[in-house]
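Student: I'd like to ask you about the structure that follows.
Numbering (my numbering), first residue to last: 25 to 395.
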């Protein structure tokens, strides 16, 4: 079976982790600091605060967005086409979800629908770079300009970059466009720490605050034994450990090759699957480059397609279920015609670094034969 996901672990990672484990210093320490430095250098923004998961990163970012609002009417605009972690972080902060439709062509958020739904109750906007394909951030910024003119405030934007390590928008990596970006280093991502995540912040004040709040609101730079610090704002236990950071550091150099292989396989599918009856690729603009964590397509008769792939020993999946139909969020039900058009047609092909030229040719040949 050609797998849909696989762990990308460098040969040096086990030794790097063993060294930390044997050192007796396994909490947040020098390796975390080094990993944050390396991430900042690679992204092009030094304001990096690592955390123990991207879910924690989203939770913390939303906590920062909601602070200062004492009412219980705060809304977060978000997409229902994502891993549930994106939206459960909203609920964990006692905020309300307002669903934004998706663009069926790209599977990213429909920015026209988003613009219509910004209101005085909007506390934050989450945009997911689905499959690693960046949202149109320039257009989003213009929408925020209009919102600021209309309502007198500019909602915080949180970019969910869980799929998008290595993706670029207008020649720059995600995390450098003036918003809070949250990356995932979970087991099967392009860059893995075993588990972990990072917030990449737009300014020094936000970075300092996130760094404090990820560890109870306590400054780790203070001498807590001789001069116990005051806690001005309570926080969480969301920090990364040196064990995870050592794994991440060991995997960073290879992660670039991992992303490049995903992109090369995706380019092959783009060429070889063009014009296949019953199959519709996603649309992608020239000013951005997807990292292709997954390769989503839209097919007629998805059940038949998946059965045919299984028979050919090719693992496929829709990967993410639409979040808006879950019982726990039915109170937020909304009309989402764009998502309705494609939700039952989305399926993802193996596109990762492990897919060989022979395997991807087998995948293409199987798809071309029909289902």
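Ideal placement from N, C-alpha and C gives every residue a C-beta, glycine not left out. It should be emphasised that the depicted structure is a prediction, and the values quoted were computed from it without experimental measurement.
#1: Quick one: complete alpha helix (DSSP H) runs, 4+ long, within the region 332-369?
#2: So what does DSSP say about residue 36, is it helix, strand or coil?
#3: Does DSSP put residue 243 in a helix, in a strand, or in coil?
#4: Can you give the beta carbon distance from residue 12 to residue 102, rounded, assuming they're within the 8 Å contact cut?
#5: Please report the distance separating the alpha-carbon of residue 212 from that of residue 32.
#6: In the DSSP assignment, what are the bridge partners of residue 322?
#7: Measure the Cβ-Cβ separation of residue 265 and residue 51 and say whether it is below 8 Å.
#8: Using only alpha-carbon positions, find the residue among 159, 224, 27 and 81 that is nearest to residue 68.
#9: Would you call the region 332-340 in contact with the region 372-389, where contact means no fewer than 3 C-beta pairs closer than 8 Å?
#10: Once the 5 residues before and after residue 28 are set aside, which same chain residues still bring their CB inside 7 Å of it?
#11: For residue 75, collect the residues of the same chain with a Cβ closer than 8 Å to its Cβ; drop the 5 residues on either side in sequence, then sort them by chain order.
#12: Distance check for residue 292 and residue 380, CA to CA, integer angstroms please.
#13: Measuring alpha carbon to alpha carbon, tell me which of 119, 120, 153 and 30 ends up nearest residue 127.
#14: If you reduce the DSSP assignment to three classes, tell me which class residue 146 lands in.
#15: Pull up the CB-CB distance for residue 156 and residue 47, whole angstroms please, since I reckon it's below 8 Å.
#16: What alpha helix (DSSP H) runs, 4 residues minimum, are completely inside the region 44-90?
#17: Report all residues from its chain with a CB closer than 7 Å to the CB of residue 272; omit the five preceding and five following residues, and keep chain order.
#18: Is the beta carbon of residue 135 less than 8 Å from the beta carbon of residue 90?
#19: Excluding sequence positions up to five away, which residues of its chain have a Cβ less than 6 Å from the Cβ of residue 328?
#20: Would you mind sorting residue 317 into buried or exposed? The rule is 16 or more other CB atoms within 10 Å of its CB.
#21: Using the Cα positions of residue 377 and residue 308, report the straight-line distance between them to the nearest angstrom.
#22: For residue 161 versus residue 306, is the C-beta distance shorter than 8 Å?
#23: Around the C-beta of residue 202, are 16 or more other C-beta atoms found within 10 angstroms, so that it is buried, or is it exposed?
#24: Mind checking who residue 184 pairs with in its DSSP beta bridge?
#25: Just the Cα atoms here: how many angstroms apart are residue 253 and residue 270?
#26: Between 97, 137, 191 and 189, which lies nearest to residue 146 when the distance is taken from Cα to Cα?
#27: Going by DSSP in three states, residue 375 sits in which element: helix, strand or coil?
#28: Please name the residue in 235, 384, 366 and 320 whose C-alpha comes closest to that of residue 285.
#29: Residues in its own chain within less than 7 Å of residue 110 by CB, not counting five upstream and five downstream?
#30: Residue 198 to residue 189, Cα distance in whole Å?
#31: In angstroms, rounded to a whole number, what distance separates the CA positions of residue 99 and residue 114?
#32: Once you ignore the five residues that flank residue 347 on each side, which residues in its own chain have a CB closer than 6 Å to its CB?
#33: Enumerate in chain order the residues of its own chain whose CB-to-CB distance from residue 45 is below 7 Å, with the five nearest sequence positions on each side excluded.
#34: How far does the beta strand (DSSP E) with residue 99 in it extend, from its first residue to its last?
Tutor: Result, derived from the coordinates:
#1: 361-366
#2: coil
#3: coil
#4: Missing from the structure shown is residue 12; the chain here goes from 25 to 395 and no further.
#5: 7 Å
#6: 304 and 370
#7: yes
#8: 224
#9: yes
#10: 339, 340, 341, 372 and 374
#11: 81, 84, 220, 221, 222, 223, 238, 262, 263 and 264
#12: 12 Å
#13: 153
#14: strand
#15: Not really, about 35 Å apart at Cβ, beyond 8 Å.
#16: 54-67 and 78-90
#17: 59, 209, 215, 217 and 220
#18: no
#19: 395
#20: buried
#21: 21 Å
#22: no
#23: exposed
#24: 152 and 206
#25: 29 Å
#26: 97
#27: coil
#28: 384
#29: 82, 102, 150, 152 and 184
#30: 8 Å
#31: 9 Å
#32: 104, 108 and 111
#33: 267
#34: 99-102
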